[in-house]
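Heads up, my numbering is the position in the sequence shown plus 96, with the first residue counted as 1. Glycine residues also receive a C-beta, built at the ideal position from the N, C-alpha and C atoms.
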Amino acid sequence: MRRTNILLATVLAGSGALAGCNFGSRPTPTTTATTATTVRPTTVTSVKTNVIRDQCQLGKAETFSPGLQLLVEAPTSSTGPLGTGNGYPPKFGYYVTFEVTATDVGSEPVLIDPGFDYPTSHTGFVVNEKGDPGVTVLTGNTPFDGSLTSLDTTELNPGNKVGPGGVTFDVPHRNGKLTYIVSGSLVCTWSF
C-alpha cells in the first residue's frame, strides 16, 4: 500500500498537480500580490438611419449615418455548390451571392452584420421576393453552400474596411430585392 501511495505522489508531483503540497510538514504561509486591471469595453454604435433610402444602386458606394459606407456589387447566381464543390446545392433553386465591402467613414466604431443573428438582432441583409417575408443568410442550404469567402460580423473602427466578402442567399428566383436592416429600421434596398 505504501508503495502505491509513493508512486501516485510521484506521478502527481511530476504533473504539477501537487505543487505547493508539503507531505508530513506544516504548511508555510505565503503572500500573494494581485494587480487589478480595468478593462473598458468598446462601444459599438448602431447605424442610425437619419435618411432612409428606398433604393440604392448596385456597384455604387452608399454612405449611411453615422459613417457606415456599403458597396454592394451585382449578384452572381449558381444552381450548384459554391467554392470547391464541397457544399450542398441550393435547396430552393439558386444561390445568389452579393460581394459587399463595408467601410467606416465616420468618427465612431460601427458594426457590419450580414445577418447571422437576424431576426433576433434585427440587423442584417434580407432578400425579399414576390410575396416572400424575407430570406436570410441562414435560410435553406446557405450555411452549407461550400463558399470559401463570406462577409463576417465585424466591428469597424474609423477608417477601416472589410471586404469584399460574399453574402449568399438560397432563393427560388434570381431576381428580387436585397435589403439591409439595422436595429429593425430599413437602411437601403437594392433591386437585382
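- If you ignore the 5 residues before and after Y190, its C-beta comes within less than 8 Å of the C-beta of S173, S174, T175, D266, V267, P268, H269, R270, all in its own chain and listed in chain order.
- For F194, the enclosing beta strand (DSSP E) has its first and last residue at 190 to 200.
- Checking the DSSP bridge columns, you'll see K257 partnered with T199.
- Note that the segment 275 to 286 does not touch the segment 231 to 243; fewer than 3 beta-carbon pairs, one per stretch, sit closer than 8 Å.
- When only Cα atoms are considered, G262 and G202 end up about 24 Å apart.
- Exposed is the label assigned to P254, since fewer than 16 other Cβ atoms lie within 10 Å of its Cβ.
- Per DSSP, the continuous beta strand (DSSP E) segment holding T172 begins and ends at 172 to 174.
- When the beta-carbon positions are compared, L154 and F288 come within less than 9 Å of each other.
- Annotation for P260: E195, T197 place their beta carbon closer than 6 Å to its own, counting only its chain and skipping 5 residues before and after.
- The shortest CA-to-CA distance from L274 to any of P162, K257, L167 is the one to L167.
- Secondary structure of F240 (DSSP, three-state): helix.
- Annotated three-state conformation of T219 is coil, per DSSP.
- The C-alpha of T264 lies about 9 Å from the C-alpha of S243.
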